[in-house]
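Presented below is the structure to which this report refers.
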Amino acid sequence: MNRFGAVCFWGILALVGLGGWASPKAFLPMETHDFGEIPEGVLVCREFLLLNIGDEELVLGAVAPSCVCTFAPLPRDRLAPGESLSITVCFDSSEYGGKRVSESVSIRTNDPERPWIRLGLSGYVRPALLHEAPAKELFSTLYLLLDVRDPEAYARGHLLGAINLPYPKLPELSKFFPRGLPILIYGEEAEAATQILRGQGFLARALAADPERWSTLFRSLSVGEPPPPPKILEGVPAFPAENLATRYLLLLDLRPAEIFLEGTLPGAIQANPEDLPHWAEWLPKAEELAEGVSFQVWILDEDGKEAGEAACFLREAGIPAVALVGGLEDWRARYGQTWLIPPFWAKSLAVP
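Here the numbering used here = 1-based position in the sequence shown + 42.
See the structure below:
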């Protein structure tokens, strides 16, 4: 073989060899995470770092969770050589109380040596306690109760937890209302207020009730004298007061006032932990509720710990209270900032 032929021969071999080495390569510094012990109902999430240490683009494909309780949305599906990606894997512990779990997600790749990567979460889920309830339950039952009467009428008496937004101020303040949340309205201008809010795309309905039934249901759920019963309306969608009575909620937020004012759930009242004995004195006890009424106080904090102690205290006083398990931290993990808004209503919801 002459010199030219030899050079060509070895050059071709070199190119073939380089072609064999050129490929993406997935690398995970950590592939599993033990979260220890968590209360049933919280959503636990962990970030995993994925790096492409190869010299071709790494492409991510199908995501296969081990169960419906685990998920990992991909921020993007391609990594250039040298790039990294943070992948968040979440496990929903609802209905897993009392179990040690090991769940994972598998992600398809074009790495010839590693066609699937697996990211796992494991730990123990302790059963939910009687005074704990998950964010999913609150999300499915939450509403905003709106009293559109003038402040003087509201001060004389109103439904427990109702925020006061006089009808003339509705156009100005409706911009603060959360979208997608049921808004229940009562007061002389309830029909007009409902029409305005529905015209703006809000899920607003006017309360409607038989006068005698109204007085019976809400006597123990009123601050001061019970407000006048709402009219039975025909021009706007109505919400039966009996249905409200079967799912009546009050939200107490134990976080400091300056944090509370940054954002909380609609209608929540800021309550200092040291004031709980006062709340226990005047909140309606279970035995004081009319037949057919279901009342629940939700206690909010950041991580669920102080709220748990507060819920236990109120329950010992005969008040049906639950703590948001995992606190608002868990709410954000599930729903982001959904329905967390500055409490423009705070002045109208003072402690009686």
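A virtual CB, placed ideally from N, CA and C, is assigned to each residue, including glycine.
- Spatial neighbours of residue 74 in its own chain (CB-CB distance under 6 angstroms, excluding positions within 5 residues in sequence) are listed in chain order as 162.
- Restricted to the region 274-310, the alpha helix (DSSP H) segments that are unbroken, complete and at least 4 residues in length are 283-287 and 299-302, listed in chain order.
- For residue 145, there is no enclosing alpha helix (DSSP H); the residue is found in the beta strand (DSSP E) stretching over 141-153.
- For residue 118, no beta strand (DSSP E) run applies, since DSSP gives it neither H nor E.
- The DSSP assignment places complete alpha helix (DSSP H) segments of no fewer than 4 residues inside the region 330-388 at 347-358 and 369-377, in order along the chain.
- Runs of the beta strand (DSSP E) lying entirely within the region 155-217, each at least 3 residues long, are 156-168, 186-189 and 199-201 in chain order.
- Here the alpha carbons of residue 177 and residue 167 stand approximately 16 angstroms from one another.
- Our two residues, residue 285 and residue 151, have alpha carbons roughly 51 angstroms apart in a direct line.
- The C-alpha of residue 80 lies about 38 angstroms from the C-alpha of residue 281.
- Partner residues in the beta bridge of residue 228, as assigned by DSSP, are 189.
- Selection 221, 175, 140 and 136 evaluated against residue 379 yields 221 as nearest (Cα-Cα).
- In this model, residue 134 and residue 372 are separated by some 11 angstroms (Cα to Cα).
- Of the other Cβ atoms in all chains shown, fewer than 16 fall within 10 Å of the Cβ of residue 95; this residue is therefore exposed.
- For residue 98, no alpha helix (DSSP H) run applies, since DSSP gives it neither H nor E.
- Secondary structure of residue 261 (DSSP, three-state): coil.
- For residue 318, there is no enclosing beta strand (DSSP E); the residue is found in the alpha helix (DSSP H) stretching over 318-324.
- Distances from the alpha-carbon of residue 164 to those of 112, 209, 124 and 210 put 112 closest.
- Per the DSSP secondary-structure output, residue 80 pairs in a beta bridge with 167.
- With contact defined as three or more Cβ pairs closer than 8 angstroms, the region 142-149 and the region 345-364 are not in contact.
- About 35 angstroms separates the beta carbons of residue 251 and residue 299, which is beyond the 8 angstroms limit, so they are not a contact pair.
- Annotated as distal: residue 202 and residue 190, with beta-carbon spacing of 9 angstroms or more.
- The three-state secondary structure of residue 313, taken from DSSP, is coil.
- Around the beta carbon of residue 109, a 10 Å sphere encloses fewer than 16 other beta carbons of the protein chains shown; the residue is thus reported as exposed.
- Here residue 220 carries a coil assignment [DSSP, helix/strand/coil].
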